[in-house]
Each structure stands twice: as C-alpha cells, then as structure tokens.
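A.B. asks: First the structure, which I've put down as structure tokens, then a few questions once you've had a look.
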Amino acid sequence: MSTSTTDPILEAREIHAWYGSSHVLHGVDLAIARGETVGLLGRNGMGKSTLIRTLLGHVTQREGHIRLFGEDFSRGRPHEVARRGVAYVPEGRGVFPNLSVRENLVMAAKPPQVAPRGRGWSLERVLSTFPRLAERFGHPGGQLSGGEQQMLSIGRALMTQPELIILDEATEGLAPLIVAEIWRVIGEIRADGIATLIVDRDYRKVLAHADRAVVLQKGSVVLQGASAELRDNASLAEFLGV
6 MSTSTTDPIL EAREIHAWYG SSHVLHGVDL AIARGETVGL LGRNGMGKST LIRTLLGHVT
66 QREGHIRLFG EDFSRGRPHE VARRGVAYVP EGRGVFPNLS VRENLVMAAK PPQVAPRGRG
126 WSLERVLSTF PRLAERFGHP GGQLSGGEQQ MLSIGRALMT QPELIILDEA TEGLAPLIVA
186 EIWRVIGEIR ADGIATLIVD RDYRKVLAHA DRAVVLQKGS VVLQGASAEL RDNASLAEFL
246 GV
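Set out below in structure tokens:
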C-alpha cells in the first residue's frame, strides 16, 4: 500500500526488515509531512517497534529505502538521525537514573531560538508544562515515579527542538490523571507544528489527535487513512483485536 503526503519530513518505502532469521517487516510504506501527526496502530507483535527502530537506525532494512528531509538515510545511524532533528520518547522512558531532572533535560538541549518554527522549548517552558518536574528539579531521575519519568522523557525530547518526535507508548502503565496530562501535551506539540508519530494502545485517543493513521498486521500495512475515516471503518476493530 502506498502513502502520499506533500513535503515529507520522513519517507519510508518498501521496507523489509529482519530480527535474526525472522522477517518482521514486509514492504512497509510510511510518510510523515511537516507538521503532520500520524498514528501507528496494531496489536502487539505486529511490527510497530521494529518499524520505529528501523526508522531510527537501530535496525537496518534489507530492502527499501528511508529518506529524511529529502536525503537518503537508509543506512543512517541513530545519532545521525537524532542530529537531523528526530526526537524519540522510547517505551520504558529511558531516563538516566543517576542524573538529576535538570541534567536529564539539558544534556542534549538546543537553544529555543534554533527551533524550526514557533517559540521552541526552553527549560522554563518544559518546567511550566510539567510542574512536577520543577518540584523534583534536583532529584535523580531514578527517584521519580513512572509518570514523572515519562514527563522527563518527553521534556528532554522537546528540548532538542525537534522537527519530528516519535512517541512510543507514552501513556503505558500510567495513572489516569497522568495519562490525561500526557495527551494534553501531545495536543500542545501538535499545535506547535512539530510532526509527530504516535504509538499507543488507546486507538481512540490516537485517532482523536492524529491527522491520519496507519495500521500494521504481521509486518504489513493493512489499513490507513484519515482518522475520521478510520473511526468509522468496521475493519479497524478486527485488526486491533478490540
């Protein structure tokens, strides 16, 4: 299946990828335009994580190509992808437990004035957006609650002034109040014009925030389209097992 967007930040075509001897991705296409929010949906084990790892350079595809800002990144390394303006909020948060909240936030930060659009994300803005981080500013990341660590991971990603941010299960295992706060911030990210790829089990929330979505099943794209159209598609629940 093909995807058509104008002026894509990221474009992956006919991606085939393996884990060891297992052929996980089977000709996947994905494109994300500037300022666009895209949902990536599918049950567990359907290839979402492998696709993200391939886009970020952690897994090398054996067939197909990846272009980032019009340049060939088919063999791009993770640090090169990050340097080019792609931020990643991983499943499991990935904070540095021995560094303070402040140190986690500033370690890869770029000045807000280099943000590609809008007012950028300064330390002050992140702390205003996540007041709990301000309260825990000097504490080691390992002493934070799961929800606070997720806020820290998102704040750290935003302080790199990304053009594209990938959120991998950003609300998993969190209390309802924290989940609501994360979705509020996702809305703010979208309003800033930052392109976003969202992976989340709450497909209804994904479709409420995304312009469109792509559904994976057994490593292939089986359904895609505008969020409003997918909400009314009878096949969606079948593919997601809900």
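Position one of the sequence shown corresponds to residue 6 (this note's numbering), numbered consecutively onward. For glycine and all other residues, C-beta sits at the position ideal for the given N, C-alpha and C. Source: prediction; values computed, not measured.
Under three-state DSSP, which class holds Ile71?
C.D. replies: Start at 1 with the first residue of the sequence shown, and residue 71 comes out as number 66. Looking at Ile71 - three-state DSSP - the assignment turns out to be strand.
A.B. asks: Quick one: Cα of Leu202 to Cα of Arg137, how far?
C.D. replies: For this step, residue 202 is matched to residue 197 along the sequence shown. For this step, residue 137 is matched to residue 132 along the sequence shown. Roughly 25 Å between the two C-alpha positions.
A.B. asks: Does DSSP put Pro102 in a helix, in a strand, or in coil?
C.D. replies: Stepping through the sequence shown from its first residue, residue 102 is reached at position 97. Pro102: coil per DSSP, three-state reduction.
A.B. asks: List the endpoints of the continuous alpha helix (DSSP H) containing Arg88.
C.D. replies: Numbered from 1 along the sequence shown, position 83 holds the residue referred to as residue 88. Note, Arg88: alpha helix (DSSP H), Pro83 to Arg88.
A.B. asks: CA-CA distance, Ile20 and Val29?
C.D. replies: The count along the sequence shown starts at 1 and reaches residue 20 at position 15. The count along the sequence shown starts at 1 and reaches residue 29 at position 24. Each residue's Cα considered, the two are about 10 Å apart.
A.B. asks: Beta carbon of Thr165, beta carbon of Ala231: below 8 Å?
C.D. replies: Taking the sequence shown and counting its residues from 1, one reaches residue 165 at position 160. Taking the sequence shown and counting its residues from 1, one reaches residue 231 at position 226. No, Cβ-Cβ distance for Thr165 and Ala231 is not below 8 Å.
A.B. asks: I'd like to confirm the pairing. Which residues does DSSP put opposite Gln229 in its beta bridges?
C.D. replies: Here the question's residue 229 lines up with position 224 in the sequence shown. In the DSSP output, where bridge partners are listed per residue, Gln229 has Val219.
A.B. asks: Would you tell me roughly how many angstroms separate the C-alpha atoms of Ser127 and Glu243, rounded to the nearest one?
C.D. replies: Mapped onto the sequence shown, residue 127 falls at position 122. Mapped onto the sequence shown, residue 243 falls at position 238. Approximately 43 Å between the Cα atoms of the pair.
A.B. asks: Would the beta-carbon of Glu177 fall within 8 Å of that of Arg206?
C.D. replies: For the purposes of this step, residue 177 is identified with residue 172 of the sequence shown, where counting begins at 1. For the purposes of this step, residue 206 is identified with residue 201 of the sequence shown, where counting begins at 1. Yes.
A.B. asks: Quick one: using the 10 Å Cβ neighbour count with 16 as the cut-off for buried, is Pro13 buried or exposed?
C.D. replies: Numbered from 1 along the sequence shown, position 8 holds the residue referred to as residue 13. Classification for Pro13: buried.
A.B. asks: With respect to the alpha helix (DSSP H) encompassing Glu174, which residues constitute its N-terminal and C-terminal limits?
C.D. replies: Locating residue 174 in the sequence shown gives position 169, counting from the first residue. From DSSP, Glu174 is part of no alpha helix (DSSP H); its letter is neither H nor E.
A.B. asks: Could you say which of Glu96, Ser26 and Gly47 lies nearest to Leu228 if we only look at CA atoms?
C.D. replies: The sequence position of residue 228 within the sequence shown is 223, counting from 1. With distances taken between Cα atoms, Leu228 lies closest to Gly47.
A.B. asks: Confirm, please, whether the CB-CB distance from Asp34 to Val226 is below 8 Å.
C.D. replies: Here residue 226 refers to the residue found at position 221 when the sequence shown is read from its first residue. Here residue 34 refers to the residue found at position 29 when the sequence shown is read from its first residue. Contact: yes.
A.B. asks: Could you give the DSSP three-state label for Val119: helix, strand or coil?
C.D. replies: Against the sequence shown, residue 119 aligns to sequence position 114. Residue state, collapsed to three classes: helix.
A.B. asks: Where DSSP assigns a beta bridge to Gly246, which residues make up the other side?
C.D. replies: The residue you call residue 246 lines up with position 241 of the sequence shown. Per DSSP, none; premise fails for Gly246.
A.B. asks: With DSSP as the reference, label Gly62 as helix, strand or coil.
C.D. replies: To locate residue 62, count along the sequence shown from 1; it is residue 57. Coil.
A.B. asks: Going along the chain, which residues of its own chain have a beta-carbon closer than 8 Å to the beta-carbon of Glu85, five neighbours each way excluded?
C.D. replies: Along the sequence shown, one-based indexing puts residue 85 at 80. Once the five neighbours on either side are set aside, the close Cβ partners of Glu85 are Gly62 and Phe78.
A.B. asks: If you draw a straight line from the C-alpha of Pro83 to the C-alpha of Arg72, how long is it?
C.D. replies: Within the sequence shown, residue 83 is the residue found at index 78, counting from 1. Within the sequence shown, residue 72 is the residue found at index 67, counting from 1. Counting only the Cα atoms, Arg72 lies some 14 Å from Pro83.
A.B. asks: The beta strand (DSSP E) with Pro13 in it runs from where to where?
C.D. replies: Taking the sequence shown and counting its residues from 1, the one referred to as residue 13 is at position 8. Start and end: Pro13 to Tyr24.
A.B. asks: Tell me whether the region 175-193 and the region 204-224 touch, counting them as touching only if at least three CB pairs, one residue from each stretch, are closer than 8 Å.
C.D. replies: yes
A.B. asks: May I ask you to report which of helix, strand or coil DSSP gives Ser127?
C.D. replies: Reading the sequence shown from its first residue, position 122 is the one you call residue 127. In this structure, DSSP gives Ser127 a state outside helix and strand, which the three-state scheme calls coil.
A.B. asks: Compute the beta-carbon to beta-carbon distance between Ile199 and Glu168, rounded to the nearest angstrom, for a pair I have assumed lies under 8 Å.
C.D. replies: Start at 1 with the first residue of the sequence shown, and residue 199 comes out as number 194. Start at 1 with the first residue of the sequence shown, and residue 168 comes out as number 163. Contact between Ile199 and Glu168 is confirmed by a C-beta separation of about 7 Å, below the 8 Å threshold.
A.B. asks: Specify, as a first and last residue, the run of the alpha helix (DSSP H) that Ile194 falls within.
C.D. replies: For this step, residue 194 is matched to residue 189 along the sequence shown. Here the alpha helix (DSSP H) through Ile194 covers Pro181 to Ala196.
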